[in-house]
Structure formats: structure tokens, C-alpha cells
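Participant:
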Amino acid sequence: MEIRKIKADTVTKTVKQLFMDCNYFIDDSITKALKEFKEKEKSPVGRDVLSQLLENNEIAAAEQIPICQDTGMAVLFVEYGDKVVIEDGSFKEAVEQGVREAYDEGYLRKSVVSDPVFDRINTKDNTPAVIHTEIVKGDKIKFLVGGKGFGSENMSAIKMLTPSYGAEGVKDFILETVRKAGPNPCPPIVVGVGIGGTFEKAAQLAKKATFRPIDTENPDPRYAAMERELLENINKMGFGPAGLGGNTTALGVNIETYPTHIAGMPVAVNICCHAARHKEAEI
Amino acid sequence: MAKKITLPITEEDIENLKAGDSVLLSGSIITGRDAAHKRLFELLEEGKELPVNINGEIIYYVGPAPAKPPYAVGPAGPTSSYRMDKYTPALLDRGMKGMIGKGARNKEVVDAVVRNHCVYFAAIGGAAALIAKSIKSEELLCYEDLGTEAIRRYEIEDFPCIVVIDSKGNNLYESEPPKYRVSD
Ligand code: SF4
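Written as C-alpha cells, this is what we have:
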């Protein structure tokens, strides 16, 4: 395969469009789930909340304004083909510029502060982004991006389980995390789970899981069954839409896994709200 | 049917509101979230004057997105209220009459709501584009340096919310979920 040159500007434009689009247009799988769960929702207040969310998402798409005011911190998973060379700039700067332009020109909220503990000064352009890059074979760049709101991010948790906990231990930890979150992360939620790898790998997988459409399932039937069982059990908790009671607490559970160490079984639970914003593109 | 309330809210309005009531608020409210609360609280602790008069006001926990013309404000849904729990009782004790936010509050806040005859409303988290339609204008009151977190005054019309903690201490987040809980 030959070296392929991609202009920094093309990267910027692609990233900009992805962040604007993901904030205006909700994923089809979410709309489908909101409608289906509305039919099954027992609480009248809950049904009303779900109708309002559907209406909200229609307004956002029609007027191209954000679904939610918390347009999140920008997260990108990049698969970078090893034959790609960036022309007229650097990859990292081109990505940051795309984020900057999207949040500036797209009427998105700037929610990033420069220092986590002491200064906490708004960077005013929503940068820096969180960029996970993997070098793959090929001459393309694939982006999977999302704006992650922190009402739900703050309800996430990770635990270094050990092998003897088994599948039951994994499920218990996931359910416990969702129960603790209760009405706070804007239910109905999407639960992203990462199992395996190391401490940071599990967390990364959990985030990636929240970026997967909820009408898909884990290719391994055992994990797919776990996803279905967890969704059913979460919806027995009663929190319901907006936490005001009901049988729609979650719209989907997505699990991603990775091989791990003989002594470990890390589990990360990344909670995402119904405003599960993600988009992908390849250049 | 939603109850229509014109602000400023009266003691009688508050007396009549029950947890679970759907409400449409019209009139004016103030906004503030994490950083603004921290500043107000510190001023109170130091015994200093506040830069806004909170007496009789309802505060909305919000940090809106920028306004896309012709909107007065950008999408403006509620932010999680629990982060303000530390500061809320002091503000209620000083005459603030209510809050609009989302999510559970701690016992100190519920106690302060009852003690001061106040009310806590929830707006629907994530219904930000829909909520923005009921906000007609905004005016900066103070803390401009906080950007989206500055304290503003909103003129609202039929702003949709639900009473979740009423002046008697009834709390929808406590009372409703158990009704839909299914145990194996
Ligand atoms: S948790 Fe999600 S829906 Fe709720 S305010 Fe945050 S980003 Fe919006």
C-alpha cells in the first residue's frame, strides 16, 4: 500500500462536522428505544417525560440546536491507518481545531476547565479533547466521537474485581453502580460496560460501549445475554424517566470486553444519559 | 392538567403545591449553578452583602448553551442539584423560596425546604431544546466572568416543571420509584 497524504484541514472539517452533528441529531437507535419504552411505560408521568424527550430531540434536529445544553467534553476514538501522512499541519492540532470550530460556530457549550483542582478556568473553546488513538493497518482515518455530558459521567465507577467474583460479581457491581446513580444521570440511561484489560483499558472500553448504537449487541452470545439480563433488572429498579418513578430506567446496556491478566477482572461502568451523542466517519 | 403559576411565588401558591403536581411557571427567575453558589455561600459565611437580592426568588440550576439567533437563550435544561446541596440551606434561610433542578437532594436541603416553607421543582434533564422555547429573555445580573455559570435573570412563560419536594417535605424521588420497583 502506498503512502496517502491527508490534509490537516480535511481532518479539522471532519471532526467539526462530527461534533456538530452528534449534538443536534440523536442516534436512530435512541429514538426507536424511546418510542418502544414509551408504549411499555406504566407511569403516566414517565410516559409524559418520554414524550417530552422525543419532542425535544425533534426540535433539536429541526433547528440544529443541541439536544442538551451540556454538550460535553469531546472524546474521540481514532483508528489511524499506518500509511497516512498529515499534510500542512499536525494531526493533534487539526483535531483540536475541529473541536474548537464545532463548539464555537455550532452554538455548543464550552464546558472544559484548564486545571481540575486549583485554577478551574474555562478554556473557552472546549479544548483539549480526550483523544484515544490506535494505529491500524491501512490508508484511512476512522473517527468515532462523542460529546460526553458530566451529569451522567459523574455517576460512573470502576472496580478491580478478582476472578473469583465471576459473572455474578460483575452483574452485581454494574447494578450497584446504576442503583447509586438513581435519579441523577437523567434516566433513561445507556449503560456502557468495559470488562477486562487493565485499570485504564476497562474504563476506555466502557466509554466506547456508550458510543455503540443500542440496537446492537455484543457478538459473544454470553455477553449479549448479560446485556439483556442487566437491562431487564435495571428496569425493575423503579427510578423511571427523569427518576420520577417508572419502568424505563435504562434504554440499553452495552458491554465491551478485552483479554485480561490471570489475577484480574476489572469492570468499568460508564453511565450515559438518554442524550447519548456519538457519530462516526472515515476519511 | 398542569397548574399555572405566576411569579413571584406566594406563600399561598407554595401551600397549595403538592409533590407530583405538574406546573407551568411564568414570570421571572434567577439562574445559578456550582461556581456562583460557591461565591454566594462564601459571602454569606463572611457576613457580607450578596450581589443579588434572593428574597422571594426561585433559582434555576442551569448553564445554558450559547443562543442561536433568534432564540433568547440556547438550550437550557437543568443541571444536577445535589452539587448545590452544601449551599442551598443557607440561601433558603435567607429568603429564597425555591429551586428548579434535577435529581435528589440531601436531608439538610429537605429540612430547609420544610423549615422555610419553600418548594423544589424538577425540570426534565436533557429536554434542553424544548425548555429553551419557554425562556423569553435573559439579563446578566452578576459574575459575568463565570460565562455560562454567571447569575442571570430569565423571563419565562409556561416553563414546564414538576413539584418534587413540597413544603411539607413530601419527596417524589422517595415516594415514586418504590411503586414501580419489582423484586424477584
Ligand atoms: S446527564 Fe445528559 S441529558 Fe442530563 S444534563 Fe447531562 S448531558 Fe444532558
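Protein chains in written order, with this note's numbering: chain W, 21 to 303; chain X, 162 to 345.
Here a beta-carbon is modelled for each residue, glycine too, at the ideal position from N, C-alpha and C.
#1: Spatial neighbours of X:G208 within its chain, please: C-beta separation below 8 Å, excluding the five flanking residues on both sides.
#2: Unbroken alpha helix (DSSP H) runs of length 4 or more, entirely within the region 231–276 of chain W: which are they?
#3: Does any CB atom of chain W fall closer than 8 Å to the CB of X:E337?
#4: I want to check one thing, is the minimum distance from the CB of X:G224 to the heavy atoms of ligand 1 below 7 Å?
#5: If you check the beta carbons only, do W:E116 and W:P148 fall under 8 Å apart?
#6: Looking at chain W, which residues of the region 226–253 of chain X have a Cβ within less than 8 Å of any of its Cβ atoms?
#7: X:V343 touches chain W at which residues, Cβ-Cβ below 7 Å?
#8: Hey, would you say the C-beta of W:C88 is under 7 Å away from at least one heavy atom of ligand 1?
#9: Nearer than 7 Å: is that true of the beta carbon of W:A295 relative to any heavy atom of ligand 1?
#10: What's the call for X:P225, buried or exposed, on a 16-neighbour Cβ count within 10 Å?
#11: Just by C-beta distance, which residues in the region 59–73 of chain W are closer than 9 Å to chain X?
#12: Name the one or two DSSP bridge partners that W:G212 has.
#13: W:R297 and W:M257: beta carbons closer than 8 Å?
#14: If you scan the region 147–234 of chain W from start to end, which runs of the beta strand (DSSP E) of 3 or more residues do you find wholly inside it?
#15: If you pair each beta-carbon of the region 222–236 of chain W with each one of the region 299–308 of chain X, do three or more pairs fall below 8 Å?
#16: Which of the three DSSP states is assigned to X:E207 in this structure?
#17: Taking the beta strand (DSSP E) that W:R24 falls in, what are its first and last residues?
#18: Going by DSSP, name the residue or residues bridged to W:K33.
#19: Does the Cβ of W:C206 lie closer than 7 Å to at least one heavy atom of ligand 1?
#20: What is the DSSP secondary structure of X:K297, counted as helix, strand or coil?
#21: Per DSSP, which residues does X:S328 bridge with? Please list them.
#22: Looking at the C-beta of W:T230, does it have a partner C-beta in chain X at a distance below 8 Å?
Facilitator: In terms of the structure at hand:
#1: Translated into positions along the second sequence, residue 208 of chain X becomes position 47. Here the set comprises nothing.
#2: 241–254
#3: One-based indexing of the second sequence puts residue 337 of chain X at position 176. So yes, X:E337 belongs to the interface.
#4: For the purposes of this step, residue 224 of chain X is taken as residue 63 along the second sequence, with counting starting at 1. Not under cutoff, so the answer is no.
#5: The residue you call residue 116 of chain W lines up with position 96 of the first sequence. The residue you call residue 148 of chain W lines up with position 128 of the first sequence. A contact, by the Cβ cut-off of 8 Å.
#6: A226, P227, A228, K229, Y232, G235, P236, A237, G238, T240, S241 and Y243
#7: Numbered from its first residue, the second sequence carries residue 343 of chain X at position 182. Near X:V343 (Cβ distances below 7 Å), the residues of chain W are K256.
#8: Within the first sequence, residue 88 of chain W is the residue found at index 68, counting from 1. W:C88: yes, Cβ under 7 Å from ligand 1.
#9: To locate residue 295 of chain W, count along the first sequence from 1; it is residue 275. Yes, the beta carbon of W:A295 sits closer than 7 Å to at least one heavy atom of ligand 1.
#10: The sequence position of residue 225 of chain X within the second sequence is 64, counting from 1. When all chains shown are included, X:P225 counts as buried.
#11: K62, S63, V65, G66, D68, V69, Q72 and L73
#12: Sequence index remark: in the first sequence, residue 212 of chain W carries index 192 (1-based). Looking at the DSSP assignment, W:G212 forms a beta bridge with W:N274 and W:N290.
#13: On the first sequence, residue 297 of chain W is found 277 positions in, with the first residue counted as 1. On the first sequence, residue 257 of chain W is found 237 positions in, with the first residue counted as 1. Not closer than 8 Å, so no.
#14: 150–156, 161–168, 177–181 and 209–217
#15: no
#16: By 1-based counting over the second sequence, the position of residue 207 of chain X is 46. X:E207: coil per DSSP, three-state reduction.
#17: Looking up residue 24 of chain W in the first sequence gives position 4. Counting along the chain, the beta strand (DSSP E) containing W:R24 begins and ends at R24 to K27.
#18: Here residue 33 of chain W refers to the residue found at position 13 when the first sequence is read from its first residue. Looking at the DSSP assignment, W:K33 forms no beta bridge with any residue, so it has no partner.
#19: As a first step, residue 206 of chain W is located in the first sequence; it is residue number 186 there, counting from the start. Yes, ligand 1 has a heavy atom inside 7 Å of this Cβ.
#20: Here residue 297 of chain X corresponds to residue number 136 of the second sequence, with the count starting at 1. X:K297 falls in the strand class under three-state DSSP.
#21: Stepping through the second sequence from its first residue, residue 328 of chain X is reached at position 167. Paired residue(s): none; X:S328 is not in a bridge.
#22: In the first sequence, counting from the first residue as 1, residue 230 of chain W sits at position 210. No, W:T230 lies away from the interface with chain X (no Cβ there is under 8 Å from its Cβ).
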